[in-house]
């Protein structure tokens, strides 16, 4: 017959507080209840801390990673993107699609040799990691501050180049210094 | 044999009907407001707003909810016992309303040249009537849970039944102390007897026991084991939907109001105001309603504070602490009154 399991030194002694007597028990039942009531009443006096979302929005930090933006050169108006597809290569969720085309003297779109004929970001797959922004050698794509991107159709969430190049609607307040 | 309470005037039948209708209408106008009041106040206790979208300050929330519930398809589980399943919520709400008839909202007034008491009826067995109704109201829970034919409902009903039985004893004993002190069973008589001092002071332990037992009687947190939504889905009304669910909901809030009304009448001086203030008669119902509202606020405050008790804690609190305390209070009161 096997001897009963001997736990040896594995047992940790549990130290318990003494069981409350009549007086302490009464205090725990009554006094602690009053303390709890005080705590909840303090919350009532404090007032709600909820932000009423659609009317008031939480300000975002300057480095917040929201919806992408594509940029142009301010002086010439040419697109910064040269269609190198480094962003698409860096994208972990494979949501960027770039089809490059050659710039011609008649049709000059970007400052480089080539430009992005098709530039699509599928925002329903994007995880907003910001790797595209890091990968871009010309700072053509950056992450904006917009986080309100819900839509009724999945196809509406595929953002084309025109949509990404357009000045985004600033719907999100930016956090000020020290806020 | 002399009756314990004498009513020395007679009201015509039409005044009694009008009284009944007015009390019913006022109570049912307050009830939806009470639900939204509870949710808003509970929100504030938890640092949030509560419903504030429907109407100004969310005050139309109950209307939206009533419309939603009323337009639901009535359904019942195939395992349910049909007629009992339908009767149970009716029992629950009828007993809750029945208790309302007893709460005195004011003294006898002169209206239309008649002497009118501002209460449904002043029976000579006041508290006994309340306990009789509370005893019947347990059938609303028990039958509803049993007839649903669902495990969760049954568990909730069983818990509710055991809880109601064990706490009704202490609740009744706590009130007997007041009855002995006042020397009458008529609720208006008890209010009149508190003219010198509200019974909350001499009967403090009775008040404490009564309040604790009332939380259990009305199935309010921290004694809401019979409808513990985290473990029993919804307890005895799990299978109910639509208007039957609203009946249970209203019964719970109505019970809360009735119990608050009884506490106000028995311990907090009914329509009497402290510091010798004697307002005109029409202020009496307002005083009673404000006191009831304050008591309901305390109910909500407790709900926001205390977690639910375990079942054995509930039973040992009821039988080992409240019952001896209530009995002791009763004995001491009897000795003091007799000597």
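Protein chains in written order, with the working numbering: chain A, 27 to 205; chain B, 317 to 655. Don't be surprised by glycine CBs; every beta carbon is placed ideally from N, CA and C.
- Message: Can you find the residues in the same chain that come closer than 8 angstroms, C-beta to C-beta, to residue 320/B, ignoring five residues on each side of it along the sequence?
- Response: For residue 320/B, the predicted structure reports a pLDDT of 47, less than 50, and the residue's modelled location is therefore unreliable. The matter cannot be settled from this model.
- Message: Does the contact criterion of 3 or more C-beta pairs under 8 angstroms hold for the region 585-599 of chain B versus the region 518-534 of chain B?
- Response: no
- Excluding the 5 residues preceding and the 5 following residue 591/B in the sequence, name in chain order all residues of the same chain whose CB lies nearer than 6 angstroms to its CB. none
- Message: Short of 8 angstroms in beta carbon distance, which residues of its chain neighbour residue 413/B, apart from the five on each side in sequence? Order them along the chain.
- Response: 340, 343 and 570
- Roughly how many whole angstroms lie between the Cα atoms of residue 610/B and residue 189/A? 58 angstroms
- 8 angstroms contact criterion, which residue 121/A and residue 162/A should meet: CB distance rounded: Not a contact, Cβ separation roughly 15 angstroms.
- Select from the region 613-631 of chain B all residues with a C-beta closer than 7 angstroms to any C-beta belonging to chain A, and list them in chain order. 617, 620, 621 and 622
- Determine the DSSP secondary structure at residue 128/A, reduced to helix, strand or coil. Shown here, residue 128/A sits in a strand according to DSSP, grouped into three states.
- Report yes or no: is there a C-beta of chain B within less than 8 angstroms of the C-beta of residue 54/A? no
- Item | Contact set between the region 65-96 of chain A and chain B, restricted to residues whose Cβ is under 8 angstroms from the partner | Here the close residues are 65, 66, 67, 69, 70, 72, 73, 74, 75, 76 and 78.
- Message: Along the region 358-383 of chain B, where does the CB come closer than 9 angstroms to a CB of chain A? Name the residues.
- Response: Within the region 358-383 of chain B, the residues whose Cβ lies closer than 9 angstroms to any Cβ of chain A are, in chain order, 359, 360, 361, 362, 363, 364, 365, 366 and 368.
- Message: Any beta carbon from chain A within less than 8 angstroms of residue 652/B's own beta carbon?
- Response: no
- Query: With a CB to CB cut of under 7 angstroms and the five nearest residues on each side skipped, what residues in its chain are close to residue 580/B?
  - Reply: Excluding positions up to five away in sequence, the list reads 586, 604, 607, 608 and 611.
- Please list, in chain order, all residues of the same chain as residue 397/B whose beta carbon is under 6 angstroms from its beta carbon, the five residues on each side excluded. 463
- Message: On the DSSP bridge list, what partners appear for residue 169/A?
- Response: Under DSSP, the beta-bridge partners assigned to residue 169/A are 94/A.
- Message: Can you give me the C-alpha to C-alpha distance between residue 486/B and residue 528/B, rounded to a whole angstrom?
- Response: 9 angstroms
- Message: Any beta carbon of chain B sitting closer than 8 angstroms to that of residue 63/A?
- Response: yes
- Query: How many angstroms separate the CA atom of residue 655/B from the CA atom of residue 649/B?
  - Reply: If I take the Cα positions, the gap works out to 10 angstroms.
- Ordered along the chain, which non-local residues of its own chain (more than five positions away) have a Cβ less than 7 angstroms from that of residue 99/A? Setting aside the 5 residues that flank it on each side, residue 99/A is surrounded in the same chain by 106 and 137, each with a C-beta closer than 7 angstroms to its C-beta; the list follows chain order.
- Are any of the Cβ atoms in chain B nearer than 8 angstroms to that of residue 206/A? Since the first residue of chain A shown is 27 and the last is 205, residue 206/A is not available in this structure.
- Backbone secondary structure at residue 354/B - three-state DSSP: helix
- Rounded C-alpha distance that separates residue 48/A from residue 629/B: Residue 48/A and residue 629/B have their alpha carbons spaced roughly 16 angstroms apart.
- Task: Identify which residue in 538/B, 598/B and 460/B has its Cα closest to the Cα of residue 625/B.
- Result: 538/B
- Compute the distance between the beta-carbons of residue 406/B and residue 563/B, then report whether it is under 8 angstroms. yes
- Taking the runs of the beta strand (DSSP E) that are 3 residues or longer, which of them lie wholly in the region 46-127 of chain A? As far as the region 46-127 of chain A is concerned, its whole beta strand (DSSP E) runs of at least 3 residues are 94-96.
- Query: Is the region 537-552 of chain B in contact with the region 455-473 of chain B, if contact means three or more CB pairs nearer than 8 angstroms?
  - Reply: yes
- Chain-order list of residues whose beta-carbon lies under 7 angstroms from that of residue 29/A (same chain, five-residue window excluded): none
- Might you give, ordered along the chain, the residues of its own chain that have their beta carbon closer than 7 angstroms to the beta carbon of residue 391/B, omitting 5 neighbours on each side? 557
- Task: Return the CA-CA distance between residue 76/A and residue 354/B, expressed in angstroms with no decimal places.
- Result: Residue 354/B has its alpha-carbon roughly 18 angstroms from the corresponding atom of residue 76/A.
- Are there 16 or more other CB atoms within 10 angstroms of the CB of residue 66/A, so buried, or fewer, so exposed? buried
- Would you check if the distance between the CB atom of residue 400/B and the CB atom of residue 459/B is smaller than 8 angstroms? yes
- Query: Expressed to the nearest angstrom, what Euclidean distance is found between the alpha-carbon atoms of residue 640/B and residue 535/B?
  - Reply: 22 angstroms
- Message: Can you give me the C-alpha to C-alpha distance between residue 632/B and residue 489/B, rounded to a whole angstrom?
- Response: Distance between the alpha carbons of residue 632/B and residue 489/B: 17 angstroms.
- Query: Under the rule that 16 or more other beta-carbon atoms within 10 Å means buried, what is residue 141/A, buried or exposed?
  - Reply: buried
- Query: Do residue 197/A and residue 177/A have their C-beta atoms closer together than 8 angstroms?
  - Reply: One thing to note: residue 197/A has its Cβ no nearer than 8 angstroms to the Cβ of residue 177/A.
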